[in-house]
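Residue numbers (the numbering used here), protein chains in the order written: chain A, 1 to 353; chain B, 1001 to 1410. Just so it is clear, CB atoms sit at the ideal spot from N, CA and C, and this is done for glycine as well. Here the structure comes first, spelled out in structure tokens, and everything after it is commentary.
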Amino acid sequence: MAKTRQNWTAEPWQDSEMLECTMVIPESDNCATIAFRPPSGAWFDYQPGQFLTLDLPVPGGAVQRTYTISSSPSRPQSLSVTVKARPGSVGGRWLLDQLKPGMRLRAYGPAGQFTFLRHPAAKYLFISAGSGATPLMSMTTWAWDSGEMPDIVYVHAARKPSEILFRRRLEEYASRVPGLQLRFTVEEVDAYAVWPGYHGRLSQIMLGLMAPDYLEREVFCCGPAPFMAAVRDMLESLGFDLARYHEESFDAPALVEVPVEPSPPPGAAQIEFALSGITADCQGDDTVLAVARQAGLNIPSGCQFGLCGTCKVLKREGEVLMVHNGGISEEEIAEGYILACCARPQGLVSVEV
Amino acid sequence: MTDQGNLRSLLQAQLSGQSLARPFYTDPGLYQADLDNIWYREWIFAAPLAELPKAGSYVTFQLGGYPVLVVRGGDGEIRAFHNTCRHRGSRICPKESGQATKLVCPYHQWTYDTNGQLLWARDMGPDFDMSSHGLQPVHCASAGGMVYVCVARNAPDFAPLREAADRYAAPHRPDELKVAHQSRIIERGNWKLVMENNRECYHCAGSHPGLCRTFLDDPDLFGSGDSQGSALGAAHVERCEAAGLPSRYLAPEDELWRLVRIPLVGETVSYTMDGKPAAPLLPGMPFANAGTLLFYHYPNTWNHYLSDHVLNFRVMPVSATETEVTTSWLVHKDAVEGRDYDLTRLTEVWIATNDEDRRVVQENQLGINSPAYMPGPYSQRQEGGVIQFVDWYVRSMLRGISGPARVAAE
Ligand code: FES
Ligand SMILES: [Fe+2]
């Protein structure tokens, strides 16, 4: 007889549903972990190490930003990203200053290939710098939660001891399993505070001390591009087989970020499908594609997140708000084309459909 | 009829200085052998650089059995790929040329970046590895403002050609040209007949009244030699070299390609009906009457670099008895049609010449189709270029069928 399920009777979250911010937890200066839940009660299904793309309604125009996920899918009730606002950052700044529990965001994904689940190995070496720690934290939590003793050397480079991300949580894990070894190095120490760890930039010699058996480990690295390049060079010159080296850039989004026109709050809107002689009332946050469907019209589409360009149609009149992922060129936009899947009508809009 | 042994004996029976035996121009099996041994091994001219002016510009074409796609990426690099989706193989770009933001398969919308990387494929499951389903690359390189591709696993060394062609073409500013016009015609003749016809001007006086107003049909100038046999040619090269224009005859030992600058008739400067320029002087040229820089590369292109425009000719085999010839007229990108040049004046001579050549090639093919055809002698004086081309062809085929790759049992 089938046993009834106690939990997860709901379906996993789909990115057609907006996410609600539930917690903002400070990590260090200019850095916080932000937790989300789907209002429907859905759970999160993804792979540790993947990223999420968020639509951020920053003043002066919406932007899309991708963040690697710092929570682990072994804890599927909520999902978190850990965001550091670097000087001049727009999206990070908005998340830290403006996002409050209860606010809802449009999110896409999770997606990405950077996960140790794709590369099973007996031993791992995780190397990160700055907020590049997030996907590795996700993988470490997954490993710890798996109930099998993980064998991971976790190397992290921070500017100061107080900026080592997730330090307390990692120490808690590490103190309960022998296989998880923590190795931290910092560029500067805080005055009058004891720092017994490594000091200075990660180097070949340091790496040899941190993980003497690095040649036997599957390496996952995340951090700023120059940091990752240095790690790659180090490993290569030490004779490491780069087929077992994997990296993820935490600051280069996997999809193109496109600033768009300032967004008025969604209001009543109307779309005229000029070639079909149909006019439909809708909301300012409906997509042209969805409204067309509801009106019984079919615009060919593929990805539905502004990448493939299949849903490109000509706009005759009116304004749309469009956050796309590179499926349309600036020139095409200038010529009046829009991607129906990610264009939202602002007032009255007429399209050639 | 064209198994290895047969082909070898046909090639070995071929006498230098004579036209080829009938099967070389008519037989589908031999046509396939041409593809296997030459077209799938050599660098093939694909498109003028000017046809790929910005990120996302692409050109497609059929190279024998291979649909090929050449595209300029967001980083400005030009790359070539097999134009076949990694899903179920559909052609990704059906158009001959265009502008793409992403390369999207029209069948199931698998979406690739212009660098060939697969970005998105719907519902392929969590274990699907996008990174191992990028478009298959084709070797791609450019020389003298022309993009070449090679579908072989290992491409022949391109560096000597790139160095030479870039240097010779530099005064014509290949990076600053635009396509003013392009024509595409099908000649109902074997590709070798098209090339043979190009490699001589024995037929010019009888066939090309327009071209002969400006082109000197002196075999000492354009034949297979170094053009120094002609006093006019020698003086022209001296004068151009002194003005900084690379012009002296240059070719590798196997004569796969050649560069040489030759004069035109009298004071004429360009291929127009009156011999006057058709477009503004290209900014890198010291004077207008610089003649034409001739550049061929076997098996599929010949070109003229003039002081006011550049002509690229692309030959693509379609079947044993059909060949496509694409001609591109390139002018400086700042030149404005109607103000700086007149399209009719610019193109009329070579549109007519191409059509005249199409007719002679088709008549040639029809005659060779006759069972009564037998190889005849080429004129040593007038058809040195044809002899050289046919010798190159026979050599390449023999090398192809006896290469190590052919010995392995598959
Ligand atoms: S469906 Fe792919 S861009 Fe709209
Ligand atoms: Fe001709």
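Contact list for residue i against chain E, beta-carbon separation under 9 Å
| i | result |
| --- | --- |
| Q113 (chain A) | Of the protein chains in this structure, namely A and B, none is chain E. |
Minimum C-alpha distance to residue i - residue among the options
| i | options | result |
| --- | --- | --- |
| P1156 (chain B) | B:P1246, B:I1368 and B:R1041 | B:R1041 |
| L136 (chain A) | A:T82, A:G92 and A:D281 | A:T82 |
| P1219 (chain B) | B:L1232, B:V1390 and B:P1209 | B:L1232 |
| L1250 (chain B) | B:A1242, B:G1244, B:R1261 and B:A1243 | B:R1261 |
| S237 (chain A) | A:R217, A:D145 and A:Q204 | A:Q204 |
| L19 (chain A) | A:G147, A:P12, A:R37 and A:E27 | A:R37 |
| R1314 (chain B) | B:G1266, B:H1297 and B:S1307 | B:H1297 |
| A269 (chain A) | A:Q283, A:L275, A:S131 and A:A111 | A:Q283 |
| D1217 (chain B) | B:C1201, B:S1207 and B:G1210 | B:C1201 |
| A42 (chain A) | A:T33, A:N298 and A:P12 | A:P12 |
| F1045 (chain B) | B:L1245, B:D1003, B:W1120 and B:F1158 | B:F1158 |
| N325 (chain A) | B:K1102, B:S1019, B:S1009 and B:P1106 | B:K1102 |
| I1368 (chain B) | B:R1008, B:Q1014, B:Y1025 and B:L1015 | B:Y1025 |
| S146 (chain A) | A:A129, A:V177 and A:G102 | A:V177 |
C-beta contact flag for residue i and residue j at 8 Å
| i | j | result |
| --- | --- | --- |
| Y198 (chain A) | V219 (chain A) | no |
| L1035 (chain B) | G1064 (chain B) | yes |
| I152 (chain A) | A143 (chain A) | yes |
| L165 (chain A) | A133 (chain A) | yes |
| L1135 (chain B) | H1172 (chain B) | no |
| P1280 (chain B) | D1342 (chain B) | no |
| P952 (chain B) | G1017 (chain B) | This structure gives no information on residue 952 (chain B), because the portion of chain B shown stretches from 1001 to 1410. |
| L117 (chain A) | Q47 (chain A) | yes |
| H972 (chain B) | L1118 (chain B) | Here chain B covers residues 1001 to 1410 and nothing more, so residue 972 (chain B) does not appear. |
| V1310 (chain B) | L1294 (chain B) | no |
| G1145 (chain B) | D1175 (chain B) | yes |
| T1353 (chain B) | E1187 (chain B) | no |
| S1328 (chain B) | L1306 (chain B) | no |
| T66 (chain A) | F51 (chain A) | yes |
| L1052 (chain B) | V1070 (chain B) | yes |
| W1302 (chain B) | N1198 (chain B) | yes |
| E352 (chain A) | V313 (chain A) | yes |
| L1011 (chain B) | L1398 (chain B) | yes |
Chain-ordered neighbours of residue i on chain A, where CB pairs are closer than 8 Å
| i | result |
| --- | --- |
| R1122 (chain B) | G302 and C303 |
| T1101 (chain B) | G309, G326, G327, I328, S329 and E332 |
| G1056 (chain B) | S329 |
Chain-ordered neighbours of residue i on chain A, where CB pairs are closer than 9 Å
| i | result |
| --- | --- |
| T1111 (chain B) | G302, C303, L307, C308, G309, T310 and G327 |
| V1179 (chain B) | Within chain A, no residue comes near V1179 (chain B); the closest Cβ sits about 18 Å away, beyond 9 Å. |
Extent of the continuous alpha helix (DSSP H) run through residue i
| i | result |
| --- | --- |
| S1207 (chain B) | C1204 to S1207 |
| E172 (chain A) | R167 to A174 |
| C1240 (chain B) | A1231 to A1242 |
| L52 (chain A) | Element bounds for L52 (chain A): not the alpha helix (DSSP H) but the beta strand (DSSP E), F51 to L56. |
| S1396 (chain B) | G1384 to S1402 |
| Y1031 (chain B) | P1028 to D1034 |
| P1010 (chain B) | First, the residue type needs correcting, since residue 1010 (chain B) is Leu and not Pro in the sequence shown. Looking at the DSSP string, the run of the alpha helix (DSSP H) that includes L1010 (chain B) is Q1004 to A1013. |
| P1160 (chain B) | A1159 to A1169 |
| Q294 (chain A) | V288 to Q294 |
| K1192 (chain B) | W1191 to N1198 |
| D233 (chain A) | A225 to S237 |
| S138 (chain A) | A133 to D145 |
| E331 (chain A) | E330 to A334 |
| P1219 (chain B) | P1219 to F1222 |
Amino acids of chain B, ordered along the chain, whose beta-carbon sits closer than 8 Å to that of residue i
| i | result |
| --- | --- |
| Q47 (chain A) | P1126 |
Endpoints, beta strand (DSSP E) assigned at residue i
| i | result |
| --- | --- |
| Q346 (chain A) | A343 to V351 |
| Q1365 (chain B) | Careful: Q1365 (chain B) lies outside any beta strand (DSSP E), inside the alpha helix (DSSP H) at L1343 to I1368. |
| F1313 (chain B) | V1310 to S1319 |
| F1295 (chain B) | T1292 to H1297 |
| Q1062 (chain B) | S1057 to L1063 |
| D281 (chain A) | I278 to Q283 |
| R1079 (chain B) | I1078 to H1082 |
Chain A contact residues for residue i, given Cβ-Cβ distances below 7 Å
| i | result |
| --- | --- |
| V1071 (chain B) | What V1071 (chain B) touches in chain A: nothing, since even the nearest Cβ is about 13 Å away. |
| G1116 (chain B) | Those within 7 Å of G1116 (chain B) in chain A number zero; the least Cβ separation is about 15 Å. |
| L1119 (chain B) | L307 |
| V1260 (chain B) | Simply none; closest approach about 41 Å. |
| V1237 (chain B) | Going along chain A, no residue has its Cβ under 7 Å from V1237 (chain B), so there is no contact; the nearest lies around 45 Å. |
Proximity test, residue i beta-carbon vs ligand 3 heavy atom, cut-off 7 Å
| i | result |
| --- | --- |
| C1212 (chain B) | This structure lacks ligand 3; its bound ligands are ligand 1 and ligand 2. |
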